[in-house]
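Protein chains: 2
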Amino acid sequence: MIPLSYALLGLLARAPQSGYDLLQLMEEPMGFFWSARRSQIYPELARLEAAGLARHTVVPQRDRPAKKLYEPTEAGLAALREWVETPQAPAPDRDIFLVQVYSLWLVAPARALALTRACKRRHAARLERYEAIRQRQREEDGDPSALRLDSPRFASWATLQRGLEYERGYLAWLRWLADAIAAQMAP
Amino acid sequence: MIPLSYALLGLLARAPQSGYDLLQLMEEPMGFFWSARRSQIYPELARLEAAGLARHTVVPQRDRPAKKLYEPTEAGLAALREWVETPQAPAPDRDIFLVQVYSLWLVAPARALALTRACKRRHAARLERYEAIRQRQREEDGDPSALRLDSPRFASWATLQRGLEYERGYLAWLRWLADAIAAQMAP
DNA sequence: TAAGTCATGTAAAAAGTTACATGATTCT
DNA sequence: AGAATCATGTAACTTTTTACATGACTTA
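Quick mapping for you: the protein sequence lines, in order, are chains A and B. For the first sequence, this note's numbering gives the first residue as 2, with consecutive numbering after it. For the second sequence, this note's numbering gives the first residue as 2, with consecutive numbering after it.
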């Protein structure tokens with residue numbers, strides 16, 4: 002089992018889903034911290050089923066094509082619980098913008114500034130997306146600090162909170178970087 | 002060319018290095034934002050050379066085995082510059098701890114707290130490592146805000162700064178999470 | 001002489017991405 | 001009739017990891 006297995010089980014543990022549903026849930030919200038494409042998700046579902054961690058039932062629909070609804074088995078839930086409470090080796094850190102910044106001394110300041118601003122736009126957009134989700138969540142759940150620890154809502158709120166702080170921190174650093182570059186251009 | 006190609010070129014652009022040197026530089030400091038193993042680095046160096054972006058000379062040493070010293074070619078430097086000033090599609094976000102947190106509602110609060118603390122230790126250790134590097138950098142370079150934009154030192158400082166802020170932000174969130182869990186355990 | 005570091009690679013397997021492929025149903 | 005959404009997959013390729021493999025030289 003790979004992290005993706007548990008990402009999928011984590012989604013199924015909240016509610017049964019079709020592969021197609023999972024495709025979208027892996028975009029948002031799971032994609033904010035773990036991602037996978039269609040070509041990885043469908044085979045992984047088959048693997049989970051072969052391993053006895055998930056099962057599916059075919060659900061015919063009037064207005065749409067039939068779908069396979071997946072849910073975790075008891076063994077699947079147990080495996081997920083066990084994995085969740087075991088500290089995991091972190092995935093290697095990968096930030097392509099920092100790879101660029103590491104060689105930023107090679108390029109003209111104006112280019113460096115433009116690059117920084119492009120990155121800033123990305124992160125600002127991501128932050129806005131997170132804030133929209135928080136807004137929606139607040140409308141649905143009310144005061145998030147009142148959520149029970151054993152509710153999926155609490156878990157969603159905790160991950161969202163990290164996303165918000167991550168983007169704010171990144172943006173603060175980007176502003177600092179842009180200022181440092183600009184400061185050496187003006188005089 | 003993949004991001005790793007430019008990570009390696011970025012190291013070579015600062016000073017010629019052997020594959021073995023690059024192995025260690027890919028651990029630290031490059032590993033803080035991009036990583037690769039030996040089995041990827043040596044073939045990648047060969048690829049860079051085949052593409053005319055790097056070249057090597059064999060350097061015999063008295064006290065140690067001979068080594069291949071790599072440096073970027075003019076074409077390699079040009080390719081690096083061009084890549085650096087072009088906005089890159091970000092690598093997918095991957096945070097295994099957040100995958101766990103997303104399903105944290107399934108496990109006992111005491112386990113959740115233990116997991117959070119294990120994560121906190123990791124990040125605290127990483128922060129200490131960054132702070133030690135900052136200390137060393139400060140001793141070598143003096144006031145970092147005086148560094149010139151076109152010096153590798155500036156670039157190193159900028160990436161380190163991001164690392165420091167990332168770990169501080171992560172730790173702040175972990176404290177918040179631990180508190181939220183603890184608050185529901187006590188009463 | 002054994003352990004440790006310096007030094008360079010390859011092989012095989014796994015994980016992940018891009019592109020291909022198909023078909024039902026609904027809406028315009 | 002064509003575009004859009006729902007729905008499920010596979011094939012080929014690239015990237016990355018894990019494990020294997022070897023040898024020079026130094027120090028205890």
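For glycine and all other residues, C-beta sits at the position ideal for the given N, C-alpha and C.
Below-8 Å beta-carbon distance, residue i vs any chain A residue
{"i": "ASP94 (chain B)", "result": "yes"}
{"i": "GLN101 (chain B)", "result": "yes"}
{"i": "GLY170 (chain B)", "result": "yes"}
{"i": "GLN89 (chain B)", "result": "yes"}
{"i": "ALA125 (chain B)", "result": "no"}
{"i": "LEU3 (chain B)", "result": "Just to set this straight, residue 3 (chain B) is Ile in the shown sequence, not Leu. No, ILE3 (chain B) lies away from the interface with chain A (no Cβ there is under 8 Å from its Cβ)."}
{"i": "PRO153 (chain B)", "result": "yes"}
{"i": "ILE97 (chain B)", "result": "yes"}
{"i": "LEU81 (chain B)", "result": "yes"}
{"i": "GLN138 (chain B)", "result": "no"}
{"i": "GLN18 (chain B)", "result": "no"}
{"i": "TYR167 (chain B)", "result": "yes"}
{"i": "ALA156 (chain B)", "result": "yes"}
{"i": "LEU49 (chain B)", "result": "no"}
{"i": "ALA76 (chain B)", "result": "no"}
Proximity test, Cβ basis, 8 Å: residue i and chain B
{"i": "ILE182 (chain A)", "result": "yes"}
{"i": "LEU150 (chain A)", "result": "yes"}
{"i": "SER6 (chain A)", "result": "no"}
{"i": "VAL108 (chain A)", "result": "yes"}
{"i": "GLY11 (chain A)", "result": "yes"}
{"i": "ALA119 (chain A)", "result": "yes"}
{"i": "SER40 (chain A)", "result": "no"}
Straight-line gap, residue i to residue j (C-alpha atoms, nearest Å)
{"i": "ARG81 (chain A)", "j": "LEU128 (chain B)", "result": "As written in the sequence, residue 81 (chain A) is Leu, which differs from the Arg given in the question. In a straight line, the C-alpha of LEU81 (chain A) is about 30 Å away from that of LEU128 (chain B)."}
{"i": "LEU9 (chain A)", "j": "PHE34 (chain A)", "result": "13 Å"}
{"i": "TYR1 (chain A)", "j": "ALA119 (chain B)", "result": "Residue 1 (chain A) lies beyond the residue range present for chain A, which begins at 2 and ends at 188; the question has no answer from this structure."}
{"i": "PRO153 (chain B)", "j": "PRO91 (chain A)", "result": "29 Å"}
{"i": "GLU45 (chain B)", "j": "ARG130 (chain B)", "result": "28 Å"}
{"i": "ALA76 (chain B)", "j": "LEU54 (chain B)", "result": "5 Å"}
{"i": "GLU140 (chain A)", "j": "SER146 (chain A)", "result": "13 Å"}
{"i": "ALA52 (chain A)", "j": "ALA51 (chain B)", "result": "44 Å"}
{"i": "THR74 (chain A)", "j": "TRP84 (chain A)", "result": "15 Å"}
{"i": "SER6 (chain B)", "j": "ALA109 (chain A)", "result": "21 Å"}
{"i": "PHE61 (chain A)", "j": "ARG39 (chain A)", "result": "Residue 61 (chain A) is actually Pro in this sequence, not Phe. Each residue's Cα considered, the two are about 22 Å apart."}
{"i": "ALA183 (chain A)", "j": "THR58 (chain B)", "result": "40 Å"}
{"i": "ARG149 (chain B)", "j": "LEU107 (chain A)", "result": "12 Å"}
{"i": "TYR171 (chain B)", "j": "ASP64 (chain A)", "result": "46 Å"}
{"i": "ARG95 (chain A)", "j": "ASP94 (chain B)", "result": "8 Å"}
{"i": "LEU175 (chain A)", "j": "ALA14 (chain A)", "result": "38 Å"}
{"i": "ARG123 (chain A)", "j": "ALA111 (chain B)", "result": "38 Å"}
{"i": "ALA156 (chain B)", "j": "ARG137 (chain B)", "result": "16 Å"}
{"i": "GLU29 (chain A)", "j": "LEU26 (chain B)", "result": "35 Å"}
{"i": "LEU12 (chain B)", "j": "ASP151 (chain A)", "result": "47 Å"}
{"i": "GLN89 (chain A)", "j": "THR117 (chain B)", "result": "11 Å"}
{"i": "LEU49 (chain A)", "j": "LEU178 (chain B)", "result": "30 Å"}
{"i": "PRO66 (chain A)", "j": "ILE42 (chain A)", "result": "19 Å"}
{"i": "ALA173 (chain A)", "j": "ALA47 (chain A)", "result": "43 Å"}
{"i": "LEU105 (chain A)", "j": "MET31 (chain B)", "result": "14 Å"}
{"i": "ALA115 (chain B)", "j": "ARG135 (chain A)", "result": "27 Å"}
Cβ-based burial, residue i [other Cβ within 10 Å; buried from 16]
{"i": "GLN18 (chain B)", "result": "buried"}
{"i": "GLY143 (chain B)", "result": "exposed"}
{"i": "THR87 (chain B)", "result": "exposed"}
{"i": "ALA113 (chain B)", "result": "buried"}
{"i": "ILE3 (chain A)", "result": "exposed"}
{"i": "ALA133 (chain A)", "result": "exposed"}
{"i": "MET186 (chain A)", "result": "exposed"}
{"i": "ALA16 (chain B)", "result": "exposed"}
{"i": "ALA181 (chain A)", "result": "buried"}
{"i": "ALA37 (chain B)", "result": "buried"}
{"i": "ALA126 (chain A)", "result": "exposed"}
{"i": "ALA79 (chain A)", "result": "exposed"}
Bridge partner(s) assigned by DSSP for residue i
{"i": "ARG56 (chain B)", "result": "B:GLU72"}
{"i": "GLN89 (chain A)", "result": "BP columns for GLN89 (chain A) are empty, so no partner."}
{"i": "GLN18 (chain B)", "result": "B:TYR71"}
Residue i beta carbon near the ligand PLP (any heavy atom closer than 7 Å)
{"i": "ALA125 (chain A)", "result": "With respect to small molecules bound, the structure shown includes none, and the ligand PLP cannot be examined in it."}
With three or more beta-carbon pairs closer than 8 Å as the criterion, would you say the segment 152-166 of chain B touches the segment 92-103 of chain A? yes
With a threshold of 8 Å, are at least 3 pairs of Cβ atoms found where one atom belongs to the segment 11-28 of chain A and the other to the segment 59-75 of chain A? yes
With contact counted as at least three CB pairs below 8 Å, one residue from each stretch, are the segment 161-175 of chain B and the segment 164-177 of chain A in contact? Between the segment 161-175 of chain B and the segment 164-177 of chain A, the count of C-beta pairs closer than 8 Å reaches three or more; the two stretches touch.
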